[in-house]
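Using this note's numbering, the letters of the sequence shown correspond one by one to residues 85 to 212. We put the CB at the ideal spot given by N, CA and C, even for glycine. Here is the structure we will look at, set down as structure tokens.
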Amino acid sequence: MCITERRRARGVTLLELIVFIIVVSVAVVGVLTALDLSNRSSTDPMIQKQALAIAEALLEEVQLQPFTYCDPDDANAATALNAAGCTGGANGANDESKLPLGPETGETRTGGVTPYDNVSDYNLFCMG
């Protein structure tokens, strides 16, 4: 009896290995391209959180300011029920409805001497 049968070779051929490497390379390039595209188009979460915190702090600061008929420097500001209750009456120097919106002369947001003291002082305010 002659043994002419060859044993079947086990393993991977070089051609199969090259095809596998090419397929995996194409897949990896596709995934990395998608990740790079999403990374470039997204904003930095830390910067976005900081901007949100600044905006919330400024909004809270404005909400804590009094909204009065008179300028808060007026002696009658806390008790006035309308503009006529201001010192000088309606259309007087302290009638907030007749004053231009925005801070009065000399007032600044962080000023120690004359800080913002009313909601209208924040009109057109810009942190730039």
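Query raised in the report: Between which two residues does the alpha helix (DSSP H) carrying F104 extend?
Result: Residue mapping note: residue 104 aligns to position 20 of the sequence shown, counting from 1. L98 to S125 is the span of the alpha helix (DSSP H), which, as asked, contains F104.
Query raised in the report: Looking at the structure shown, is P199 part of a helix, part of a strand, or coil, going by DSSP?
Result: In the sequence shown, counting from the first residue as 1, residue 199 sits at position 115. Residue state, collapsed to three classes: strand.
Query raised in the report: Got a sec, what are the start and stop residues for the alpha helix (DSSP H) Q149 sits in?
Result: For the purposes of this step, residue 149 is taken as residue 65 along the sequence shown, with counting starting at 1. Taken as a continuous stretch (DSSP letters only), Q149 belongs to no alpha helix (DSSP H), as it is neither H nor E.
Query raised in the report: Who are the Cβ neighbours of P150 in its own chain at under 7 Å, not counting the five residues just before and after it?
Result: For the purposes of this step, residue 150 is taken as residue 66 along the sequence shown, with counting starting at 1. So the list reads P156 and N202, once near-sequence residues are dropped.
Query raised in the report: Given M211, which residues of its chain have a CB within under 8 Å of its CB, disregarding the five upstream and five downstream residues?
Result: Numbered from its first residue, the sequence shown carries residue 211 at position 127. The answer, listed in chain order, is I138 and L142.
Query raised in the report: What's the C-alpha gap between A162 and E191?
Result: Here the question's residue 162 lines up with position 78 in the sequence shown. Here the question's residue 191 lines up with position 107 in the sequence shown. Answer to the nearest angstrom: the Cα atoms are 20 Å apart.
Requested in this report: Quick one: using the 10 Å Cβ neighbour count with 16 as the cut-off for buried, is D205 buried or exposed?
Outcome: Here residue 205 refers to the residue found at position 121 of the sequence shown. Answer is buried; the Cβ neighbour count reaches 16.
Query raised in the report: Can you give the beta carbon distance from L185 to N166, rounded, assuming they're within the 8 Å contact cut?
Result: Taking the first residue of the sequence shown as 1, we reach residue 185 at position 101. Taking the first residue of the sequence shown as 1, we reach residue 166 at position 82. Contact doesn't hold; Cβ gap of about 19 Å is too wide.
Query raised in the report: Would you say the beta carbon of L185 comes nearer than 6 Å to a heavy atom of the ligand ADP?
Result: Absent from the structure shown: the ligand ADP. Ligands present: none.
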